[in-house]
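Going by this note's numbering, the residue at position 338 of the sequence shown is 350; the numbering climbs one at a time, nothing skipped. The structure under discussion appears below in the form of structure tokens.
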Amino acid sequence: MKKWARILYQPVLPLGENKRVLTGSPEHIEFSRKSATEGMVLLKNENDLLPLSSNVTVALFGIAQFDYVKGGGGSGIVHCAYTRNIYDGLKIKEGEGKIKVYDALSAYYKSEYARLQAEKPETLVGQFDDIEIPGELLASAKKNADVAIINISRYSSEFVDRFSERGDFYLSEMEERMVNTVVDNFSKVVVLLNIGGMIDTEWFYSNNKIGAALLCWQGGQEAGLAAADLLVGDENPSGKLTDTFAKRFSDYPFADNFNESEDYVNYTEDIYVGYRYFETVPGMKERVNYPFGFGLSYTDFEISSPAVDISEGRVRISVDVKNIGSRCGKEVVQVYYSAPQGKLGKPARELAAFKKTRLLSPSEAQTLSLEFDINDMASYDDEGKLFESAYVLEAGEYCFYVGNSVRSTVRADISYKLEEDVLVKQLTRCCAPRDLKERLRSDGTLEPLKAFDAPARRIGSIELPTGDKRGMLTDVVDGKLTIDEFLNQLSIEQMIDMCTDSKCIGVCNTACFGGCEEFGIPPLPTTDGPAGVRVLANDNGVYTTCFPCATQMACSWNEELIYDVARAGAAEVKENNMVIWLTPALNIHRNPLCGRNFEYYSEDPLVSGKAAAAVTKGIQSINIAATVKHFACNNKEINRTNSDSRVSERAIREIYIKGFEIAIKEAEPYCLMTAYNKLNGVRTGANYELITSILRGEWGYKGMVTTDWCTLSLLHEEIIVGGNVKMEGNDKALTLQAYKDGKFTRSDIHQAVKYIVELALKLD
Ligand code: BGC
């Protein structure tokens, strides 16, 4: 196929075997279902209540059995041909003779749900409150069913944050009443959670009348069936939490900072995010219901004591994992370290490596080898307590813990000891805080923070080629012109056009990057993710596959699976003649209330970075561009275009951009998207220290940098600090005037456009 033919001619060329269409195909939908089972997390299973046997009749409670949420809203929404809810999933299993559903109860919910939908057609899924069940129906359900299944669903979306009250983080009054009714009437009770972010778990954690709980997440279009697969034991749960589930909302670190102001968020908890907080700060351990890394299985595993080898700057750990139960299953081995408290203070545990086994039959064993760099354990000294603006390994003992959750580990016999502090990497101060007054220490006290001003810096100028060679972009492809020579022919107006969006092509609905017809530069169509390709099916009839939400994929802890799902999604991008996928999104789950947590992976940067790297590799394996986003510290939706994330440099580096660093170094994404918010007073899209000093300078990022859509900084402000494309919202006349006023130079915009052309050259 001719280069860029898909963009230019929008052909109808399916990518499946024997020329079958992959987009929304049965095999992709089946794959969505399989991947959904692997990311679901079994939280509770007293007396082996699950899996349910074939002679069991279940009574389904809660409107959520029909009010099913396949994924979150906003740019992450996926328009698929159908969704399978919990009721439908269990009915399929009933058809296979694996369970019975007490239909009269579900029929009542179904008709009430239809009535409510008709009454309030504008209400989104997951936002209907529960309903009262007539006494007679309850009595007959009690008589006819052996097990009650409580269904709870939640919806959240880009643009809005969640709330910490009843009906979102906590159960609504109606839901609570339903739960109480069920536990009063049934001795066997299972809970299914169809949610995209953390909610309260105390109501089933502390209630011994509730025997089992399965966290199904927002699992894509087939997750009702995927959950049913697990409930009847056709599949064995192997997901593990990538977040800590605390007792109360107020237990999360500085939970109330989230809504203190619309104009800023103080990240006072510093590096003590998620389990780093709960495992470290005195008194907080008891405030956890389900720890980071936790998840049950229908079988048991034995993890041998770890063999540790430390040499050549690497820590290598080997363990044998044996299935000692009676069902096939997979286990996730997690390696944590503890660093000496020293002068900087450290979390009690930090994840260093993880690996999932293959499917192990009863009695089968597998040896897993995990490794990481000694330097990965270094901390960032942002105030010069030892070595200013440097990664440092403090003197003392570094211990290793191996197990299957942050709480369930064995300490390795061998540790790593340092006699003296070691300067690992000298860097320079970047993105330092201006208005954050204090931050948390590991002992739970606060320390005052210095205030820094961000110096105004810009990229340097380059020497532009002389001569007036002429040619098309294909001449660059053929080696007849260098990119620099090629770009010399473009006018400033054409370059400004290249640095902004151009209109949508085909089914693309998020516009294209650049393009310049006169010189044969194709516009590059973009499309959203991460749970599948977002095109507006209502308008064009293209229904794509809805895969599980990002958090659920991360909970699989299975990098190969994550890679394969991303590759399948990318095939749908390609089949629909688009080339840039605006995914993966890897902002940190700082607080449960962020409306977009479902699009992000974890509270932990290693899990986030590894997932994003796997996604990037999967997408780019078929030459579609991945876009890591939103760089950085966009952890809140309300007023996101103006909210200032006030964060210490240490927390930025160790927590909030660490995942980006991992993904960039491991997978070299072709694109990166900056965020809407300000970071310590400076807009991320116009942030020299973020884009040029750290991203390009320290990490050697070679890809293209786009803004998020309609950011508030101006194109010329973005270009002079190293940004390349401003997506939507640029005023071209204003940018041209800025050029005439000397606010940016030809050299500045030449450098920006070069990254766009390089991107086009990489793509088919
Ligand atoms: C979102 C991005 C998305 C873009 C294009 C923005 O509102 O923050 O994640 O890729 O829109 O739809």
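Even glycine gets a Cβ: it sits at the ideal position worked out from N, Cα and C.
Determine whether the beta carbon atoms of G735 and A764 lie at a separation below 8 Å.
The sequence position of residue 735 within the sequence shown is 723, counting from 1. The sequence position of residue 764 within the sequence shown is 752, counting from 1. Their beta carbons are under 8 Å apart, which means G735 touches A764 by this criterion.
Counting only the same chain and skipping the five closest in sequence on each side, list residues whose C-beta sits under 8 Å from that of Y767.
Here the question's residue 767 lines up with position 755 in the sequence shown. Closer than 8 Å at Cβ, skipping near neighbours: G715, M716, V717, N736.
Could you check if S657 belongs to the surroundings of the ligand BGC, using beta carbon to heavy atom distance under 7 Å?
The residue given as residue 657 occupies position 645 in the sequence shown. Checking every heavy atom of the ligand BGC against the Cβ of S657, none is found closer than 7 Å.
Report all residues for which the CB-ligand distance to some heavy atom of the ligand BGC is below 5 Å; order them along the chain.
S87, T522, D540, L594, D720, W721
Buried versus exposed call for V777 [16 or more other C-beta atoms within 10 Å across all chains shown]
Examination of residue 777 is not possible in this model, given that the chain is present from 13 through 776 alone.
Looking at the unbroken beta strand (DSSP E) that takes in H642, where does it start and where does it end?
Looking up residue 642 in the sequence shown gives position 630. Counting along the chain, the beta strand (DSSP E) containing H642 begins and ends at 637-643.
Measuring straight from C-alpha to C-alpha, what distance separates A48 and C606?
For the purposes of this step, residue 48 is taken as the residue at position 36 of the sequence shown. For the purposes of this step, residue 606 is taken as the residue at position 594 of the sequence shown. Approximately 22 Å between the Cα atoms of the pair.
Short Cβ contact (8 Å threshold) for F366 with N335:
Start at 1 with the first residue of the sequence shown, and residue 366 comes out as number 354. Start at 1 with the first residue of the sequence shown, and residue 335 comes out as number 323. No; because the gap between Cβ atoms is not below 8 Å, this pair is not in contact.
Look at the Cβ atom of G587, then the Cβ atom of L27, and state whether they are nearer than 8 Å.
Looking up residue 587 in the sequence shown gives position 575. Looking up residue 27 in the sequence shown gives position 15. Residue identity check: residue 587 is Glu in the sequence provided, not Gly. In this structure, L27 lies closer than 8 Å to E587 by Cβ.
Excluding the five sequence neighbours on either side, which residues of its own chain have a C-beta within less than 8 Å of the C-beta of L778, listed in chain order?
In the structure displayed, the chain extends from 13 to 776; residue 778 sits before or after that span and is not available.
On the DSSP bridge assignment, give the partners of L380 in chain order.
In the sequence shown, counting from the first residue as 1, residue 380 sits at position 368. Per DSSP, V331.
Report, in whole angstroms, the separation of the C-beta atoms of A626 and A578, which I expect to be a contact under 8 Å.
Looking up residue 626 in the sequence shown gives position 614. Looking up residue 578 in the sequence shown gives position 566. Right, their Cβ atoms sit about 7 Å apart.
Output the boundary residues of the alpha helix (DSSP H) element that contains M510.
Locating residue 510 in the sequence shown gives position 498, counting from the first residue. Element bounds for M510: 504-510.
Closest Cα partner of T135 within the set A157, I162, D760, R166:
Translated into the one-based positions of the sequence shown, residue 135 becomes position 123. Taking only the C-alpha atoms, the option nearest T135 is R166.
Three-pair Cβ contact test at 8 Å for the region 290-310 versus the region 318-333
no
Quickly, what does DSSP pair A258 with across the bridge? List them, please.
Here residue 258 refers to the residue found at position 246 of the sequence shown. Its beta-bridge partners are V300.
Can you list, in chain order, the residues of its chain with a C-beta nearer than 8 Å to that of R370? Leave out the 5 residues immediately preceding and following it.
Reading the sequence shown from its first residue, position 358 is the one you call residue 370. Closer than 8 Å at Cβ, skipping near neighbours: K342, Q378.
On the three-pair Cβ rule with 8 Å, is the region 436-447 touching the region 400-415?
yes
Does DSSP put S152 in a helix, in a strand, or in coil?
Within the sequence shown, residue 152 is the residue found at index 140, counting from 1. It is helical.
So what does DSSP say about M13, is it helix, strand or coil?
To locate residue 13, count along the sequence shown from 1; it is residue 1. Three-state result, M13: coil.
From what residue to what residue does the beta strand (DSSP E) around G408 run?
As a position in the sequence shown, residue 408 is number 396, starting the count at 1. It spans 408-415 - the beta strand (DSSP E) in which G408 sits, taken as one unbroken run.
For P38, which three-state DSSP category applies?
For the purposes of this step, residue 38 is identified with residue 26 of the sequence shown, where counting begins at 1. P38: helix per DSSP, three-state reduction.
Sequence-distant residues of the same chain with beta carbon closer than 8 Å to E42, five excluded per side
The residue labelled residue 42 in the question sits at position 30 within the sequence shown. Correct list, in chain order: E234.
With a floor of 3 residues, list each beta strand (DSSP E) that falls wholly inside the region 572-632, ordered by position along the chain.
592-594
Got a sec, what are the start and stop residues for the beta strand (DSSP E) I315 sits in?
Here residue 315 refers to the residue found at position 303 when the sequence shown is read from its first residue. Unbroken beta strand (DSSP E) run through I315: 313-315.
Cut-off 8 Å between Cβ atoms - residues of its own chain near I574, not counting five sequence neighbours on either side
What you label residue 574 is simply residue 562 of the sequence shown in a count that begins at 1. Here the set comprises M565, A566, S568, A623, A626, V627, G630.
Rounded C-alpha distance that separates C340 from P249:
Here residue 340 is taken as the residue at index 328 of the sequence shown, counted from 1. Here residue 249 is taken as the residue at index 237 of the sequence shown, counted from 1. So the alpha carbons of these two residues sit roughly 10 Å apart.
Tell me which same chain residues have a C-beta within less than 6 Å of the C-beta of L55, skipping the five on either side of it?
Locating residue 55 in the sequence shown gives position 43, counting from the first residue. Same-chain partners within the cutoff: A225, L227, Y302.
As assigned by DSSP and simplified to three states, the class of S391:
Locating residue 391 in the sequence shown gives position 379, where the first residue counts as 1. S391 falls in the strand class under three-state DSSP.
Would you call the region 678-693 in contact with the region 646-665, where contact means no fewer than 3 C-beta pairs closer than 8 Å?
yes
Within the same chain, show all residues whose beta-carbon is closer than 7 Å to that of R178, passing over the 5 residues directly before and after it, in chain order.
As a working note, residue 178 is residue 166 in the sequence shown. If we look at R178 and ignore the five residues flanking it on each side, its Cβ neighbours are S184, E185.
Should A663 go down as buried or exposed, given a rule of 16 or more other Cβ atoms within 10 Å for buried?
Counting from one through the sequence shown, the residue named residue 663 turns up at place 651. By the neighbour-count rule (16 or more Cβ atoms within 10 Å), A663 is buried.
Only counting the same chain, and skipping five residues up and downstream in sequence, which positions put a Cβ closer than 7 Å to that of Y289?
Within the sequence shown, residue 289 is the residue found at index 277, counting from 1. Same-chain partners within the cutoff: P265, E281, M296.
DSSP three-state call for T421: helix, strand or coil?
The sequence position of residue 421 within the sequence shown is 409, counting from 1. Strand, per DSSP.
Would the beta-carbon of L380 fall within 8 Å of that of V331?
Counted from its first residue, the sequence shown places residue 380 at position 368. Counted from its first residue, the sequence shown places residue 331 at position 319. Taking 8 Å as the Cβ cut-off, L380 and V331 qualify as a contacting pair.
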